[in-house]
Amino acid sequence: MMTPVNDMYGLVQAGGPEPEQYEALNHTLGAFNLLESRGDFDHYGPDFKEDLMGKSLTFDTMQGFAYRKPHGHSGDFELIERICGDYKTSDQNLKKWDEFWNQQAFVQAIQNSQQYFKQTMQEVELDSTHAKVLNVASGSSRSVANYLTGANSNASFLCMDNNWKALDYARLLCRNELQQVQFQHGNVSDLNTPNQYNLVWSEGLFDYLNDELFKINLKKLLTQTQKGGRIVIGNLSTTNPSQSYMDFLQWHVNPRSEAHLYYLASCCGVQRAKMNIVKDPSGVNLFLHIAR
1160 MMTPVNDMYG
1170 LVQAGGPEPE
1180 QYEALNHTLG
1190 AFNLLESRGD
1200 FDHYGPDFKE
1210 DLMGKSLTFD
1220 TMQGFAYRKP
1230 HGHSGDFELI
1240 ERICGDYKTS
1250 DQNLKKWDEF
1260 WNQQAFVQAI
1270 QNSQQYFKQT
1280 MQEVELDSTH
1290 AKVLNVASGS
1300 SRSVANYLTG
1310 ANSNASFLCM
1320 DNNWKALDYA
1330 RLLCRNELQQ
1340 VQFQHGNVSD
1350 LNTPNQYNLV
1360 WSEGLFDYLN
1370 DELFKINLKK
1380 LLTQTQKGGR
1390 IVIGNLSTTN
1400 PSQSYMDFLQ
1410 WHVNPRSEAH
1420 LYYLASCCGV
1430 QRAKMNIVKD
1440 PSGVNLFLHI
1450 AR
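1160 is the number of the first residue of the sequence shown in the numbering used here; add one for each residue after it.
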């Protein structure tokens, strides 16, 4: 009888899955995660998964980079940069794993978010000729750099992140737009400029917050947004088809449904008529829009 462990070992020995095996692998990942959560692998020791997966779970692959979290969490700025740059391993013996990674819905969602930020900015700039934008948990600020490179924009941006390495990278990426882009190290709690921004954008923070912290951070951001402005918050959906893969890689997030997002915002005093949710084409990301 085949088990999830045997299935994974067979794929590792074969150098990774073939496209026709992707669906079966997703089922295997779900079964593996269930056994792991029950403690069925505890007697193997703490390095069991790494031993099982071998080089396919090292920094040579995208999944290994996500799993090993060199910057503290899976969705860090360097991983996002790799996704936006369509990174693929140079090791031909591991390329099938990166091909599987690149077929994931969350990869498509991260790439799609670049376009959605551009679309949102174009809408904001139709209403405000000198829009002020706060980008929370900005990471590499790739979306800001790409937008300013391709647009005739008068907007100004404050990119905030609590990772110094991410900010250093972002400054390099935005080096030709520094007259419009500023950077701040810190968290939402460090903001102290009420009613400042036409747009508050956050797509890499709220997924990692529990409900209580979600509400605390949203209440703070509401105070930072101008009357007539908007807040856009990205959160992974509970219908994310890549959830089992992310769980296997210990990419821990708090996915939420549309109803849950509406509920949390209403707990912060936001009227239902002031909210709407846009679903990413991949079905992974939900963008909660709040009008001030």
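Glycine residues also receive a C-beta, built at the ideal position from the N, C-alpha and C atoms.
Verify whether the separation of the beta carbon atoms of residue i and residue j is less than 9 Å.
i       : j       : result
Ser1348 : Asn1376 : yes
Asn1413 : Phe1446 : no
Tyr1275 : Asp1439 : yes
Ala1325 : Asp1219 : no
Cys1427 : Lys1386 : no
Ser1299 : Met1319 : no
Asn1435 : Ala1268 : no
Lys1433 : Arg1451 : yes
Glu1237 : Phe1224 : yes
Val1266 : Ser1401 : yes
Leu1184 : Asp1166 : yes
Ala1310 : Gln1281 : yes
Gly1363 : Ile1239 : yes
Asp1250 : Lys1214 : yes
Leu1216 : Tyr1226 : yes
Tyr1367 : His1419 : no
Asn1252 : Gly1204 : no
According to DSSP, simplified to helix, strand and coil, what is residue i?
i       : result
Asp1320 : strand
Ala1290 : coil
Ala1296 : coil
His1230 : coil
Asn1192 : helix
Phe1446 : strand
Met1160 : Confidence at Met1160 is low in this model, with a pLDDT of 43, below 50, so its placement is unreliable and no value can be given for it.
Lys1247 : coil
Val1412 : coil
Arg1389 : strand
Asn1335 : coil
Leu1395 : strand
Ser1315 : strand
Gly1198 : coil
Thr1187 : helix
Glu1177 : coil
Leu1137 : An answer regarding residue 1137 cannot be provided, because it is not within the stretch 1160 to 1451 covered by the chain.
Arg1451 : coil
Gln1430 : coil
Cys1350 : Checking the sequence shown, residue 1350 turns out to be Leu, not Cys. The answer is coil: DSSP assigns Leu1350 none of H, G, I, E or B.
Ser1441 : coil
Thr1279 : helix
Leu1364 : coil
Identify the continuous beta strand (DSSP E) that holds residue i and give its terminal residues.
i       : result
Gln1343 : 1340–1344
Trp1155 : Residue 1155 lies beyond the stretch modelled for the chain, which goes from 1160 to 1451, so this question has no answer here.
Ser1302 : Ser1302 -> not in any beta strand (DSSP E); alpha helix (DSSP H) instead, spanning 1301–1309.
Ser1361 : 1356–1361
Lys1438 : 1434–1438
Could you tell me the boundaries of the alpha helix (DSSP H) in which residue i lies?
i       : result
Asp1165 : In the sequence as displayed, the identity of residue 1165 is Asn instead of Asp. Element bounds for Asn1165: 1163–1172.
Lys1378 : 1370–1383
Lys1208 : 1207–1212
Tyr1421 : 1417–1426
Tyr1404 : 1402–1407
Leaving out the 5 sequence neighbours to the left and right, which residues in its chain are closer than 8 Å to residue i when beta-carbon positions are compared?
i       : result
Gly1383 : First, the amino acid is wrong: residue 1383 is Gln here, not Gly. The residues are Leu1293, Leu1350, Thr1352, Pro1353, Asn1354, Gln1355, Tyr1356, Val1359.
Asn1399 : Ala1264, Phe1265, Met1405, Pro1414, Gly1442, Val1443
Arg1431 : Tyr1421, Ser1425
Gln1270 : Ile1242, Cys1243
Glu1179 : none
Leu1332 : Ser1299, Ser1300, Arg1301, Ala1304
Glu1336 : Val1303, Ala1304, Leu1307, Thr1308
Below 7 Å CB to CB, which residues in the same chain sit around residue i once its five sequence neighbours on both sides are set aside?
i       : result
Tyr1246 : Met1221
Gly1345 : Met1319, Asn1321
Val1437 : Phe1446, His1448
Phe1342 : Cys1318, Leu1326, Ala1329, Arg1330
Pro1176 : Leu1170, Leu1184, Lys1255, Phe1259
Val1429 : Ile1449
Gln1262 : Tyr1181
Leu1408 : Gln1222, Ala1225, Tyr1226, Ser1233
Below 6 Å CB to CB, which residues in the same chain sit around residue i once its five sequence neighbours on both sides are set aside?
i       : result
Ile1392 : Ser1361, Phe1365, Leu1447
Ala1190 : Pro1163
Leu1380 : Val1359, Ile1390
(message) Between the stretch 1304–1324 and the stretch 1276–1293, can you find at least three pairs of beta-carbon atoms closer than 8 Å?
(response) yes
(message) Using 8 Å as the cut-off, can you tell me whether the stretch 1252–1259 makes contact with the stretch 1166–1185, which would need three or more C-beta pairs spanning the two stretches below that distance?
(response) yes
(message) Within 8 Å, do at least three Cβ pairs link the stretch 1321–1337 to the stretch 1226–1234?
(response) yes
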